[in-house]
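Taking it in order: structure first as structure tokens, then the write-up.
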Amino acid sequence: MLARLKALDTGRYSIFLILGAVVVVASFLSENFMTTNNVTNVLRQVAVITILAYGAMTLIIAGMIDLSAGAVMAFAGVVSVIVYKDTSSMLLAILAGIVVGVACNLVNAFLVATLRTPAFIVTLGMMMIARGAVLQLTQGQNVLQLGDFVVLGQGSLGPIPLPTLFLVIITVIVWYLMSQTRYGRSLYAVGGNEEAARAAGIAVERVKYQAFIVNGVLVGFAGVIFMARVNAGLPNAGVGYELQAITAPIIGGTSFSGGIGTTAGTLAGALIVGVLGNIMNLTGVGSYVQQIVMGVIIAVAVAYDVWSKRGKRKTVILKNDGEADGQPPASGEAPVPAGSGTASGRQGKGVSP
Amino acid sequence: MSAAVASETPRLTVTGVSKSFPGVMALQDVTFTVRPGTVHALCGENGAGKSTLMKIINGIYSPDTGEMRIDDEPVRVRNPIEARAKGIAMISQELNYVPDMTIAESFFIGRLPTRFGKVDWAHMRREARRLLAEEGLDYSVNRKLGSLTVSEIQTLEILRAVYHDADVLIMDEPTSAIAHREVASLFAKIRRLRAEGKAIIYISHKMDEVFELADDVTVLRDGTVVSSQPASEIGPETVIAQMVGRDLDHQSYPKEHAEIGDTVLEARGLSNSQLFEDISLSVRKGEIVGLAGLIGAGRSEVVRAIFGLETLDAGEIEVDGQAVRLRSPKAAIDQGVVMLSEDRRLVGIIPQMSIKQNATLASLRKVIRGGFTRRREEETIAKEYFDRLSVKAPSSETRISSLSGGNQQKVLLARWLIAEPKVLLLDEPTRGIDVGAKFEIYKIMTQLARQGRGILMISSELPELIGMCDRIYVMAAGRLTAELTPDQYSQETILTHAMNDSEVV
Ligand SMILES: Nc1ncnc2c1ncn2[C@@H]1O[C@H](COP(=O)(O)OP(=O)(O)OP(=O)(O)O)[C@@H](O)[C@H]1O
Ligand SMILES: [Mg+2]
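Quick look at the structure:
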């Protein structure tokens with residue numbers, strides 16, 4: 020009975036249970052955790068990473084990846100800051116940030132979708148290009164004195180910090196795109212089986228462009244909020260953010276092999292990471308140790324993703340009832356005999372002279 | 235006859251095997267015995283549990299209960315590698331190949347020959363070349379699997395399983411994708427193996443094959459064994475009745491007269507320098523047109539090219555009299571031309587999606603309207619077609635990858651019916667489908683014809699082509715060699731034209 024309940028529910032909701040558990044444990048570890056002040060603070064802090072995480076989720080579901088997110092975010096944020104200082108127009112500044120984000124991602128999309136270069140390589144290149152561009156633009160100097168621009172990152176609407184408000188709005192939009200539109204459905208199909216999606220009449224290239232454009236808007240906007248929050252245009256900002264942005268969806272159940280993932284899961288994943296970082300700060304865990312902890316979490320989340328998929332084969336091999344068979348049915352990969360994928364790749368090279 | 239050859243100890247016994255998946259009891263207390271030196275056929279409807287039982291024997295799944303013995307020794311097989319070590323080999327129903335692997339590699343994957351600790355590529359290629367030559371196949375062993383058709387890959391799988399000689403050979407619908415000539419050579423091979431004392435488990439929906447080969451027949455229905463006996467004591471009608479649990483009388487094809495209208499699809503001079511040359515064909519409204527030929531004749535490639543999945547070097551296509559350029563499946567579908575692929579794994583299913591989402595994938599406009607997904611309508615539409623095709627699944631939210639092969643095929647057919655096309659290109663539409671459901675599919679084809687849609691069907695089952703088609707084109711070596719009308723139909727005529735490649739070259 021209990022086992023059955025577990026089987027039914029934990030699969031889909033386990034991530035929210037974990038989030039709940041983390042929050043409960045955190046509130047026991049530090050009495051400062053549950054204060055209004057701290058909660059607002061956490062929500063303000065997670066905004067940027069979560070927005071980036073939605074972009075990462077979009078691409079991962081479609082079977083791609085973006086390693087340039089951190090650098091492009093810095094580039095977009097700094098351009099936005101400069102435009103604001105020149106024009107004093109908040110709107111123009113935000114638009115400029117978004118335009119930079121989208122432009123960089125259109126280049127990514129062209130190389131990935133049109134020229135069929137692997138996204139990993141393309142966005143690695145874009146990471147260097149964008150970082151180089153923003154450093155060149157600023158000559159490595161921080162842009163200071165932003166004036167009213169900081170409102171975007173530090174302001175509040177009543178008790179709600181503006182970044183949090185933006186995050187809520189963006190969450191709704193991303194949820195809508197992913198679950199209600201043809202674009203969203205196509206994205207899942209392309210990530211699930213690209214050839215089959217094409218043969219079902221989905222314009223695979225267009226979907227990939229769309230995914231990169233969505234990612235570009237999110238990355239660009241994240242850059243704007245980030246710079247506003249720190250009250251400076253930092254050309255060195257966002258180093259490593261692309262990886263943090265990937266962590267959240269993976270913890271939240273997005274499959275690295277594409278085709279699976281939800282907005283709510285990604286939000287929960289981002290909140291887990293945010294709360295963990297916060298509680299480590301509150302309890303005085305040093306920043307070096309924090310890095311180690313985060314690294315372990317990423318490794319565990321990815322390993323779990325891989326394991327749970329191979330695990331399905333394991334699952335059925337375990338003899339007992341309960342636990343094992345409770346998991347969702349084995350997915351497509353009708354188990355392949357002995358090392359197929361990677362092994363063959365290597366052999367491929369061996370054979371062709 | 236082979237009972238004399240067979241010794242008393244069974245080669246393989248499974249006793250009391252049960253296996254459940256969430257929401258499905260796939261096998262229930264199944265007991266199954268295979269004697270050495272025999273072919274044991276396993277029959278049952280789509281979803282009866284045949285593949286599940288075989289996967290348990292091959293160590294891919296472990297049973298909830300039950301045990302297994304080989305030569306009367308209790309054994310535990312936890313994965314396919316252990317199974318192979320115990321002398322069990324399986325040709326699985328769903329082709330599972332790495333498109334970038336070469337033919338030579340595919341033969342030896344999992345047991346690469348080594349020499350001084352280094353993989354012996356030369357030996358590998360030599361062996362592979364020898365195997366192909368014995369089979370009369372002349373492709374280069376360095377060719378990538380991705381460049382072969384499904385039936386060619388199937389043939390290679392069979393070659394491979396036989397090569398690594400096993401004592402128990404499981405064949406899960408080995409002939410579902412191969413053509414006449416290859417079937418004959420497969421049967422010869424099976425007979426040879428039987429004479430050598432091997433035990434062969436043979437799964438097929440084709441009764442003539444079953445009764446041509448089998449010494450024993452076991453029938454599964456809904457996960458339980460209905461009967462198990464020597465083939466000589468039972469006939470096809472009984473087997474079918476036991477499979478479906480009632481009497482079924484439809485020996486003939488449900489072909490009905492449909493009004494033949496204007497030409498709906500016209501192809502002129504289609505060529506692709508690698509694959510086929512100068513193909514001209516037409517399909518009229520209400521017409522069911524067949525495309526026959528041996529494997530490698532280029533039938534699938536022609537159909538894929540019409541659907542925008544292969545490039546055309548020359549040729550024109552007209553739909554409803556309008557010249558169109560179908561550069562992608564999307565363009566084809568927009569023009570009302572759809573294709574059911576022969577490779578449902580690679581170009582059919584989206585494994586992570588539910589059967590409902592798979593079914594509506596080509597008609598998203600119908601279910602996502604006005605900015606929102608209409609879940610209830612999506613459910614209604616999908617359900618209607620699942621009922622019509624009697625798709626067997628716990629619910630419409632079930633992931634397609636957990637369905638039996640035949641049921642996946644039905645979901646893909648539903649996808650194209652929902653799209654309400656003008657022309658259906660069906661590449662082996664009844665592949666892996668059980669007798670009862672096959673009849674349903676023929677009925678649906680007839681119905682589609684009566685609605686004025688045109689159908690171009692590839693099939694390697696000649697009786698099916700002869701029974702259903704108004705006209706049959708025959709291809710050999712990438713060219714059309716004949717266009718036959720019903721008065722000219724006979725298996726011999728079709729085969730003669732299909733093997734007519736000498737004249738073309
Ligand atoms: N991995 C799985 N997860 C969940 N259900 C499964 C899984 N594999 C099989 N099933 C279910 O078990 C039942 C038996 O399936 P199986 O594949 O053995 O049928 P089959 O007799 O081989 O049918 P077919 O003739 O269509 O190949 C089906 O209802 C199927 O949906
Ligand atoms: Mg099967």
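Chains as they are written, first to last, in the working numbering: chain A, 20 to 372; chain B, 235 to 739. For each residue, glycine too, the CB sits at the ideal point set by N, CA and C. Quantities reported herein were computed from a predicted structural model and do not represent experimental measurements.
Taking non-hydrogen atoms of ligand 2 into account, the C-beta of Q685/B is found less than 7 Å away from none of them.
Collapsing the DSSP output to three states places L329/B in coil. Contacts with chain A (Cβ-Cβ distance below 9 Å) from the region 578 to 593 of chain B involve R578, R579, L580, V581, G582, I583, I584, P585, Q586, M587, Q591 and N592, listed in chain order. In this structure, the alpha-carbon of G712/B lies about 55 Å from that of A95/A.
Close partners of I221/A in chain B (Cβ separation under 9 Å): P563, K564, L595, A596 and L598. For D456/B, the Cβ stays outside the 7 Å cut-off from all heavy atoms of ligand 2. In this structure, I667/B sits away from I678/B, with a CB-CB distance that is not shorter than 8 Å. Under the DSSP assignment, C277/B falls in the beta strand (DSSP E) whose first and last residues are V273 to C277. With its beta carbon at least 8 Å from every one in chain A, I700/B lies outside the interface.
Taking V319/A as the centre and dropping the five residues before and after it, the same chain places no C-beta closer than 6 Å to its C-beta. K626/B has its CB no nearer than 7 Å to any heavy atom of ligand 2.
Straight-line spacing of the CA atoms in S340/B and Y307/A works out to 48 Å. Within chain B, T607 have C-beta atoms less than 8 Å from the C-beta of S198/A, given in sequence order. In the structure shown, Q642/B falls within a helical segment according to DSSP collapsed to helix, strand and coil. Taking 4 residues as the minimum length, the alpha helix (DSSP H) runs contained wholly in the region 449 to 534 of chain B are 470 to 478, in order along the chain. Shortest gap from the CB of S693/B to any heavy atom of ligand 2: 7 Å or more.
Scanning the region 407 to 432 of chain B from its first residue to its last, the whole alpha helix (DSSP H) runs of 4-plus residues come out as 414 to 429. In the displayed model, Q173/A falls within a helix according to three-state DSSP.
A direct Cα-Cα distance of roughly 36 Å separates G235/A from V44/A.
Here DSSP, grouped into helix, strand and coil, assigns L286/A to helix. Cβ contact annotation for G542/B (same chain, cutoff 8 Å, sequence separation greater than five): L560, R561, S562, P563, K564, A565 and A566, in chain order. DSSP places L595/B in the helix class (H, G or I) of the three-state scheme.
For A683/B, same chain residues with a beta-carbon under 6 Å away, outside a window of 5 residues either side, are A492, G520 and I522 in chain order.
By the C-beta density criterion, D450/B is buried, having at least 16 other C-beta atoms within 10 angstroms. Taking C-beta atoms under 8 Å as the contact rule, L509/B and G532/B qualify, at a distance of about 5 Å. For E301/B, the enclosing beta strand (DSSP E) has its first and last residue at T299 to I304.
The distance from the Cβ of I79/A to that of F275/A is about 7 Å, consistent with a contact at the 8 Å cut-off. Note on V162/A: 16 or more other CB atoms within 10 angstroms of its CB, so buried under the neighbour-count rule. At least one CB of chain B lies nearer than 8 Å to the CB of Y207/A.
L718/B has I706/B as its beta-bridge partners, per DSSP. Shown in chain order are the members of the region 278 to 297 of chain A whose Cβ falls below 7 Å from a Cβ of chain B: G278 and I279. If you draw a straight line from the Cα of D305/B to the Cα of L246/B, it comes to about 6 Å.
Under the Cβ criterion (8 Å, minimum of three pairs), the region 378 to 394 of chain B does not count as touching the region 263 to 274 of chain B.
Using a Cβ-Cβ cut-off of 8 Å, S507/B does not count as an interface residue toward chain A, since no Cβ of chain A sits closer than that to its own. Taking the C-beta atoms as reference points, A596/B is found nearer than 8 Å to G220/A. Interface flag for R135/A against chain B is unset, since no Cβ pair is found closer than 8 Å.
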